[in-house]
Amino acid sequence: MPGSSHPSHKGSIAIDLSVDRGAVHDHLYGANLEHIGRCVYQGHWAEMLRNRKFLGHDKMFVGANERLSHHDSSYGVVTPWTALAPDYQRVLCVHDNSEFYTGDQSQRITIRDADGGFHGVQQDGLTVVAGATYTISLVLKGMGQQVQVVLGDQTWTINAVGPDWQEYRRNLTVTASDNSALFSIAHAEQGSLWIGCTSVMPARTLDGHRADVVATLKDWTPTFLRWPGGNFASAYRWEQGLGPRDKRPGYLDPAWNTWEPNDVGTHEFIDLCRHVGSEPILTINMGNADPAEAARWVEYCNGDADTPMGQIRAANGSPEPFNVRTWFVGNEQFGNWQVGTCDAETYARRYLDYAAAMLAVDPTLDLIAVGAPADLYGHWNELVLHTAGTAIKKLSVHYYSIRTEKRDVTPVVEEMYWPKVASAHEVEEMLDRTYEIVCTHADPPPPLIFDEWNTYVEAKPPDFFENYSMADAIYAGALMNACLQRAAWIKMSASFNLLNVMGNLRVSPTGVWKTPTGLVLELYTRHRGDRAVGCRATSETVATPELGNLPAFDAVSLVDAAATRSADGATLFLSVVNRDPARPAELEISGIDRAGPAAIHLIQGHGPQALNTEDAPEAVTIEREDWPMNASLVLPAHSVAIVEIPLESHA
């Protein structure tokens, strides 16, 4: 373990194996997967093109650029595509709403006066690697002309494109790497060419998912993935995401105001979960759908192949049921950022309608109702519980810490350390207040489902990137400790979000790297017991400043801890956070008899603001050290650790 020039601060951790804090549910170690930013598309899904179905409008700006002598070359070309060899007098580009293959629009290129050159549409910014093979597909109709398709340094010529929609597919192997490669579709003859949709993907994927992303996710293997949101779920029509991907209609998602191509639907999500080893969990649409639609989704996922929806599932390639057991009935319906926002009593009545319809199809479902932090949003929890009563078996709560993302100027890195590492202290207060309210208004009180959480400091649309550092890792470790200490009534935890968007992983066109927060979740998932036991940490405290919506605190402990025990009683998993940015923590551990040296699984980085990047993907890693017998436990500054301790007595 690296040394330190700073003297250590001292503390203690008392373990009480006789205290049972509850079963540690597998659902404490999950993540959200929402259709937002570059999480799904340009994330785990391997499609390289943006807007491959030519959804939406062009980007011509009407106003200052419109004058009689100026013709905007982007007119009629669906964004983010651009015109290849534009010529206003000879070539007409049209987003055609009369002739289309999917949805209600195609891209048309009409050459009115041929000049011998190729004209069409193009998209740049693709990353291709020398020697790699890419699968290109197009759905075209034309007037017998030759079509030229270019990817990087490779050209594919399609002869005599006829008057009926037809798919063309070919693999191309590029010879030169290019981080800004061009992809284009063009023709040179008089007449019209229609492009219904197109695609560029690596030739080797895992059912359309990036193999490198799946491999990295398997290092962690979140116990479940919650999909498709989040806010996105409030307007997601799941039936549009079935069948051949090229024929699925896209739409403008009202939650995030982005175009959704519907390439990743229920089957693709289930495929991802199976490749990673995660349980699939679904959130139903309570915004612009109805209970019948939710019930059909349940039957589609869980019904036998001879049920009406099971027959459709089988026809789509999956005769065996998906067996999705856990379903969220809506998402944050109290918020005006949701489609279908409503008051608490209305939500509760709608919950009863949805639950009745879904349980009629599958009585074994585990349903989760929408809750809120503490007594926020008009005493939401109180009113929902009073209205729906014992029909609510579990209650969701979301909480994001700090919330400076709407500031014009992001706080400087040094300003964020203490607020970030103290944020879990506020989360503990929120969880305790929320459950106190639940216990007051429900008998028996439903357990809490803490299914969205994270620090929220600099993430802004459209990409919502956060540069998670060791400060965020310490927050995540302390937050997970809080859940373990409350395992009797917190039955689920899920960070937001799986990758790129406030992600536990970051993904570029050719790389994948783990954030420190993601490493913490990997650590806690891989090294854990079956039951939480008594654990009390004592250490120095520090006063921390306010930032964003986080208040100042007079006394935040430098050391935070929790403990779980294996089913056979032979191993204790002690999870410890040292919030001090400079000093190691020297800790006395009491209440257990060790049977031998212990393994320390440690995350610390080179400094309190250490983080991983594409250029330095392993600046922060999980390291393994030994804790010898008859020695104090010493943990480095700004660190998160799980100590795997063999116990002398298995009682």
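Each step along the sequence shown adds one to the number in numbering that gives the first Met the number 0, with nothing skipped, and position 268 is 267. The beta carbon of each residue, even a glycine, is placed where N, CA and C say it ideally should be. Just so it is clear, the structure is predicted and the values come from calculations on it, not from any experiment.
Please name the residue, chosen from the options, that lies closest to residue i on a Cα-to-Cα basis.
| i | options | result |
| --- | --- | --- |
| L549 | Y28, V160 and T403 | T403 |
| V408 | L394, E427 and K459 | K459 |
| V541 | S556, G334, K392 and A288 | S556 |
| A609 | M469, W452 and A477 | M469 |
| Q165 | L139, W155, T433 and D529 | L139 |
| D303 | A597, N315 and F321 | F321 |
| R432 | A387, A472, D462 and R485 | R485 |
| G388 | G547, E613, D442 and W326 | D442 |
| Y350 | W336, A561, E613 and W326 | W326 |
| E267 | A187, P243 and Q122 | P243 |
| I599 | A618, G606, V633 and L205 | V633 |
| E331 | A214, G316 and W379 | W379 |
| Q122 | R51, R107 and R312 | R51 |
| S73 | I108, N158, N335 and Q41 | I108 |
| G316 | G510, L241, A566 and M491 | L241 |
| S233 | P248, N256 and S136 | N256 |
| K217 | A113, A423 and T524 | T524 |
| G207 | E427, H274 and D15 | H274 |
| G102 | D625, Y40, F53 and V642 | F53 |
| F231 | T454, V39, D352 and H26 | V39 |
| S395 | R535, R225, A131 and Y299 | R225 |
| T514 | E587, G604, T439 and A355 | G604 |
| P279 | F223, G329, R578 and Y235 | F223 |
Just curious, the alpha helix (DSSP H) that residue i is in, first and last residue?
| i | result |
| --- | --- |
| T172 | Where T172 is concerned, there is no enclosing alpha helix (DSSP H), although the beta strand (DSSP E) it sits in stretches over Q165 to T172. |
| K217 | A210 to W219 |
| T386 | L375 to A387 |
| L358 | A343 to V360 |
| P307 | P307 to A314 |
| H605 | Run containing H605: none; DSSP gives neither H nor E here. |
| R273 | T265 to V275 |
| E521 | P515 to R525 |
In this structure, how does DSSP classify residue i when only helix, strand and coil are distinguished?
| i | result |
| --- | --- |
| R203 | coil |
| L586 | strand |
| F552 | strand |
| W226 | strand |
| S648 | coil |
| Y235 | coil |
| N322 | coil |
| M0 | Note that M0 has pLDDT 47, beneath the 50 cutoff, so the model's placement of it is unreliable and the number below is only indicative. In this structure, M0 counts as coil in the three-state DSSP scheme. |
| A640 | strand |
| L422 | Checking the sequence shown, residue 422 turns out to be Ser, not Leu. In this structure, S422 counts as helix in the three-state DSSP scheme. |
| D592 | coil |
| C482 | helix |
| I473 | helix |
| E451 | strand |
| A294 | helix |
| G240 | helix |
For residue i, I'd like the list of residues in its chain whose CB is within less than 7 Å of its CB, leaving aside the five on either flank, ordered along the chain.
| i | result |
| --- | --- |
| P1 | Any reading at P1 needs caution, since the residue's pLDDT is 47, under 50, leaving its predicted position unreliable; the model's value is listed next. These residues qualify, in order along the chain: P635. |
| M429 | P372, A373 and Y398 |
| D361 | V297 and N301 |
| R203 | A210 |
| G517 | W219, N503 and L504 |
| A45 | M200, P201, T204, G207, H208 and R209 |
| G119 | L83, I108, S183, I184, A185 and H186 |
| R527 | V23, T563 and F572 |
| Y87 | H70 |
If I measure Cβ to Cβ from residue i and keep anything under 8 Å in the same chain, skipping five residues before and after, which residues do I get?
| i | result |
| --- | --- |
| L520 | Y28, A30, W219, P221, A475, M479, S494 and N503 |
| E585 | S7, H8, K9, G10, S631, L632 and V633 |
| Y734 | There is no way to answer for residue 734, as the model of the chain reaches only from 0 to 650. |
| L358 | L364 and L366 |
| G276 | K217 and T220 |
| L156 | According to the sequence provided, residue 156 is Thr. The question's Leu does not apply to it. Closer than 8 Å at the Cβ level, and outside the excluded window around T156, lie Q145, V146, Q147 and V148. |
| W681 | Absent from the model: residue 681. The displayed extent of the chain is 0 to 650, so no value can be given. |
Looking at the unbroken beta strand (DSSP E) that takes in residue i, where does it start and where does it end?
| i | result |
| --- | --- |
| I14 | H8 to A22 |
| L251 | Y250 to D252 |
| C534 | R530 to T537 |
| F333 | Unbroken run through F333: none, as it is neither H nor E. |
| P279 | E278 to T282 |
| D262 | Premise fails: D262 is in no beta strand (DSSP E) and is neither H nor E. |
Residues in its own chain within less than 6 Å of residue i by CB, not counting five upstream and five downstream?
| i | result |
| --- | --- |
| M47 | L125 and V199 |
| A640 | V575, I599, L601 and L634 |
| E344 | L382 and T386 |
Any beta-carbon of chain E closer than 8 Å to the one on residue i?
| i | result |
| --- | --- |
| T306 | The structure shown contains no chain E, having only a single protein chain. |
Is it the case that the stretch 149-157 contacts the stretch 172-190, given that we only count it when at least three CB pairs across the two stretches are under 8 Å?
yes
Counting Cβ pairs, one atom from each stretch, are 3 or more of them under 8 Å apart for the stretch 78-88 and the stretch 31-42?
no
Is it the case that the stretch 245-259 contacts the stretch 307-316, given that we only count it when at least three CB pairs across the two stretches are under 8 Å?
no
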